[in-house]
Amino acid sequence: MDDLYRQYILDHYREPRNHGSLEQPDIHAADTNPLCGDRIAIDLNVRDGRVTEVRFNGRGCAISQASASMLTEKIEDATLDELRALTPQDVLDMLGVEIGPARQRCALLSLRVLHQGIGGPYTGRMDDDDDLDDEAAAQALKERDSSGV
Amino acid sequence: MDDLYRQYILDHYREPRNHGSLEQPDIHAADTNPLCGDRIAIDLNVRDGRVTEVRFNGRGCAISQASASMLTEKIEDATLDELRALTPQDVLDMLGVEIGPARQRCALLSLRVLHQGIGGPYTGRMDDDDDLDDEAAAQALKERDSSGV
Amino acid sequence: MKTLEPSMLAALAPREDFPILAREVHGKPLVYLDSAASAQKPRQVLEAMENFQRTSYANIHRGAYTLSEEATAAYEGARKKVARFINARNVREVVWTRNTTESINLVANSWGGANLKVGDVVLLSEIEHHSNIVPWQLIAARTGARLAYIPVTDGGELDQEAYARLLETERPKLVAVTQMSNVLGTLPPVREMIAQAHAVGALVLLDGAQSVPHLPVDVRALDCDFLAFSGHKMLGPSGIGVLWARRELEAMPPFLGGGDMIREVSLHSSTWNDLPWKFEAGTPAITEAVGLGAAVDYLSALGMEQVHAHEQALTAYALERLAAVPDLTVYGPPAERRGGVCSFTLGDIHAHDLATILDNAGVAVRAGHHCAQPLMERYHIPATARASFYVYTTAAEIDALAEGLMQAREIFAL
Amino acid sequence: MKTLEPSMLAALAPREDFPILAREVHGKPLVYLDSAASAQKPRQVLEAMENFQRTSYANIHRGAYTLSEEATAAYEGARKKVARFINARNVREVVWTRNTTESINLVANSWGGANLKVGDVVLLSEIEHHSNIVPWQLIAARTGARLAYIPVTDGGELDQEAYARLLETERPKLVAVTQMSNVLGTLPPVREMIAQAHAVGALVLLDGAQSVPHLPVDVRALDCDFLAFSGHKMLGPSGIGVLWARRELEAMPPFLGGGDMIREVSLHSSTWNDLPWKFEAGTPAITEAVGLGAAVDYLSALGMEQVHAHEQALTAYALERLAAVPDLTVYGPPAERRGGVCSFTLGDIHAHDLATILDNAGVAVRAGHHCAQPLMERYHIPATARASFYVYTTAAEIDALAEGLMQAREIFAL
Ligand SMILES: Cc1ncc(COP(=O)(O)O)c(C=O)c1O
Ligand SMILES: Cc1ncc(COP(=O)(O)O)c(C=O)c1O
């Protein structure tokens, strides 16, 4: 338990960084996790392909809100290309706690919203997680790697 | 087996009595057994509340067709009141062979059609077999009877 | 609020009947407090299905061989059990569906599609489950009908004055309300509400998803027109539900088309089978119907009055225990006017976090909007945690819940 | 027609896996020849469901506790198994339904309701099951669309010249055909038919109720747009079916409304969940999905090529044996172009009487119109008896059928 609800998670939950919204954001995106109703909205200002300002708003559990708060800290000053390169695993690593399958969608909602806003690959919709070819390919790759070929 | 397919059943099946239709029948009724597609049509001429002529037409198994044939023989000359008083059990008794639950609807199709035509009680539709009150009442009656009160 | 009698502390049903209750979660004994979402199944139900599939399984109705006769008898026999359970007049008033949701969609599409015209009103309430809202939104969009809602009071009850007014001003064609709220436990006075609706010529559909599993429900005494419920919430299997309807079914056009619901099919037109099969297209959930029949036997043996009394006692006890947890808010009416459901929030801890922490203590509660987003909006809360009780629930399990909540307070430093 | 190899005389699957096959009927060993109506279930499937319900059952998706996570993983894991089984591109192309019938109704209502206009044509065939006729009649009545039919030849095959002409003259929006006839065993050349339909801009729905259980079916190789099938015909439980769709699902409006299929609900409007859940309203057939996953594992282990080869060998043998029964007529194409189904009539003995006599010998065959009345009309027969084969069928069982038929001849003094 302490594992999941570490001090810094609760801290981000209760005192979220970059909380709020921008007056006239260059980019605005929002989405809901249909399974639990968690909601995140992200505003970005961007200059020369680089984030100059970021704010988020939302409601939901400690995991989803802390994840959003930490993500906004992480992406301050990043380029859009860097943001597009962010993977779900990066976000889970950033959180630094063990997250069970039922709560992963909470943890990844902020990335999903971010990528929806900037046209990144992780929209959390069809084809993202559930492509059987990708999986077959990944599996083949893994087998090749582990067989030492 | 011989039990079900006695000689006279096959005989009625292959040489149905009163087969055909009437020119301008006083009463015409037809129905299908939705479970198996068996079909019976019955024509009656009636004078003074009494059957003067009867014909049937149909297609289906030996049981349904023999039952119709035997029923038309049985009702020649009967009054409509007598026909309305006919019960499913009467028809099963008339057939004189043991009929399992799956084939009872075949055996009773002709009675159902007859009663539809003359406004008899056995239409084989809702309320006929499946009234829970009737059943409860019948059960209560039976219990009273058998308790010797 | 009366205190729990010691004799009520135990489960109503033998817990050994429920194999899953023997399992552990995170090294703790499972405390299953999510029966309102779906109930666990007694071995009597599992064995009935298992035996059926090992000895008598076949497709129904259309087979003139022994297995199919046996399967048909078991399937139709289960229908009769369910009909008796709700005191239907006639077996053929019971239509098998997948669940409450499909039952309501059936009425919305078939009855609604045939009877709703532009401007007609369907009256729902603010405490409805999505399953009793969305089907009406969809058919309203198709027909031009309009939805109106009976408001819920701050105390979690349906505002009866507003209801009387709405009947007068809106003249609804149908009132569709729940007999028990899955979030608040509210038990609206449906008997009176039905009489009032009939007085203005409206039909009444009852969402019985929570009531039929937990209370004695008598469709004749209630005098409702439609009743929808699910097998999986009443100790039965998933995949089977019921629509009961008094008489309206006869005039209603078919919903799904296909095998078994027809009388005769030609290339360009068809006629329909008798009730209830007219509404059962294709191979139905045969084994599941048999399982639901066994569940009804099990509940009947316990006695639905006893089931209700057991849950009310547990609920009274739970409300007492929860009242002792600081920062905790329970939503809904007092124990004597609610079923065995407690929704609550604890300080600023989100319901999902609560559920995760409780799970770690072996305690399974649901967290979220409980498919009742409009109700959540009404109370300005994003989500609640919900504990719900059934025949196998004990007071000791409610103690485990209360202890888990105290732990959550510690973890979140409340 | 090649003769049966001795090695093919045995069942493909271990008969001990199927508990029901050990039973007797009228004192004779059960000979179950009605798998096309519904298949018997191996203990692997029964045990998967039983174990699931004894250890991990809970409602899915909405629970943040261990049981619900496990149940969700099992339920969604089964979806992935099914997706692989038909070589779907993406798991989310697989929607759970109750059965083939509901799958087709879903397409008719959702896709049809949104896309069919007055005068549009849906092209079916004369060999379709009622489940692939009646839903189209119902939606045609609602939208003003029209139905046309590909004729069947006297030999039981779809007339391909007529099909090509109909595509030109009718310009259908959708072609909905079976991949295997449940009466004749016909295997239409669906791959070519799909390409031809696409060439004139029509989508294609395949009724896979008989094909998916018995042949290797690859939706990518076929390039169809929709595929409907049932769990209960492929060793799985009743109450679960599948609609697979390529891409069309994304643009299609919802079918049933309720819990789980929504994104957000307010009193007067709602938005929808992602695929496939947008089409799965209410608590689904959870345990049954798990059971179907186990059935797919079982079939995959046998190998679908082997299943098909086994049934073709049995069919060839059956046609040989039936040809030796005087006065017997078999309907449909030769063995090399049919699946494991033989429909026949015997002299003037009605099919129901045949079924009753065979039942007395322990042999279960179906009798009637097989939910294909238009096809019966086409051949001017009121009914046929039908024997159908599966992985547990043996040549010895076909011998029992042939012997039973000789007995029937005696009883009816043919
Ligand atoms: C070809 C065909 N289509 C559709 C169906 C309908 O399947 P279900 O009853 O499972 O919906 C069947 C089986 O009865 C069938 O054989
Ligand atoms: C009050 C109420 N109505 C409807 C439903 C829907 O039931 P199901 O998901 O079985 O269709 C539920 C349960 O989730 C409920 O609690």
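From first to last, the protein sequence lines stand for chains Y, D, U and E. In terms of my numbering, the first sequence opens at residue 1 and continues consecutively. In terms of my numbering, the second sequence opens at residue 150 and continues consecutively. In terms of my numbering, the third sequence opens at residue 299 and continues consecutively. In terms of my numbering, the fourth sequence opens at residue 713 and continues consecutively. All C-beta atoms, glycine included, are put in the ideal place defined by N, C-alpha and C. Bear in mind that the values here come from a model prediction, so they are computed numbers and not experimental data.
Distance cut-off 7 Å: residue i Cβ against heavy atoms of ligand 1
| i | result |
| --- | --- |
| U:Gly361 | no |
| D:Asn182 | no |
| D:Asp175 | no |
| E:Asn894 | yes |
| E:Cys1083 | yes |
| E:Thr812 | yes |
| E:Asn844 | yes |
| U:Asp332 | no |
| D:Asp242 | no |
| D:Ala234 | no |
| E:Asp930 | no |
| E:His841 | yes |
| E:Lys945 | yes |
| U:Gly411 | no |
| E:Thr890 | yes |
| E:Gly1052 | no |
Opening and closing residue of the alpha helix (DSSP H) in which residue i lies
| i | result |
| --- | --- |
| E:Gly1116 | 1107 to 1123 |
| E:Glu840 | Careful: E:Glu840 lies outside any alpha helix (DSSP H) and carries neither H nor E. |
| U:Asn349 | 341 to 353 |
| U:Asp452 | Premise fails: U:Asp452 is in no alpha helix (DSSP H) and is neither H nor E. |
| U:Ser401 | 398 to 404 |
CB-CB length for residue i against residue j, believed under 8 Å
| i | j | result |
| --- | --- | --- |
| Y:Pro34 | Y:Gln65 | Y:Pro34 to Y:Gln65, Cβ: 18 Å. No contact. |
| E:Ala973 | E:Ala993 | Rather than Ala, the amino acid found at residue 973 of chain E in this sequence is Met. Contact flag correct, Cβ pair sits at about 4 Å. |
| U:Leu699 | E:Glu762 | Actually they do not touch by this definition, with Cβ atoms about 29 Å apart. |
| E:Val977 | U:Val432 | 6 Å |
| U:Arg684 | U:His667 | Not really, about 10 Å apart at Cβ, beyond 8 Å. |
| D:Ala190 | D:Asn206 | 5 Å |
| Y:Ala62 | U:Asp651 | 5 Å |
| E:Val1133 | E:Leu879 | Here chain E covers residues 713 to 1126 and nothing more, so residue 1133 of chain E does not appear. |
| U:Ile402 | U:Ser479 | Incorrect: roughly 16 Å between the Cβ atoms, too far for contact. |
| U:Leu644 | U:Val623 | 7 Å |
| E:Arg1050 | E:Leu886 | The Cβ separation is near 26 Å, so there is no contact. |
| E:Thr1096 | E:Phe1056 | 6 Å |
| U:Leu533 | U:Lys339 | 6 Å |
Residue span of the beta strand (DSSP E) that contains residue i, given as start and end
| i | result |
| --- | --- |
| E:Val807 | 806 to 809 |
| Y:Arg59 | 50 to 59 |
| U:Ile538 | That residue, U:Ile538, is in no beta strand (DSSP E); it is neither H nor E in DSSP. |
| Y:Glu76 | Looking at the DSSP string, Y:Glu76 is not in any beta strand (DSSP E), and its letter there is neither H nor E. |
| U:Tyr629 | 626 to 629 |
| E:Thr890 | 886 to 890 |
Beta bridge counterpart(s) of residue i as assigned by DSSP
| i | result |
| --- | --- |
| D:Ile248 | BP columns for D:Ile248 are empty, so no partner. |
| E:Pro693 | Past the boundaries of the shown model lies residue 693 of chain E; chain E is included only from 713 to 1126, so the question cannot be answered. |
| E:Arg1050 | E:Thr898 |
| E:Trp823 | Partner(s): none; E:Trp823 has no beta bridge. |
| E:Trp984 | E:Ile974 |
| E:Phe1056 | E:Val1042, E:Ala1097 |
Cβ-heavy atom distance, residue i to ligand 2, below 7 Å
| i | result |
| --- | --- |
| U:Ser528 | yes |
| U:Thr714 | Outside the displayed range of chain U (299 to 712) lies residue 714 of chain U, so it cannot be described from this structure. |
| U:Ala507 | yes |
| U:Ala335 | yes |
| E:Thr995 | yes |
| U:Gly539 | yes |
Residue i Cβ short of 7 Å to ligand 3 heavy atom set
| i | result |
| --- | --- |
| E:Gly970 | Among the ligands modelled here, namely ligand 1 and ligand 2, ligand 3 does not occur. |
Under 8 Å from the C-beta of residue i: neighbouring residues of chain A
| i | result |
| --- | --- |
| Y:Tyr5 | You won't find chain A in this structure, because its protein chains are Y, D, U and E. |
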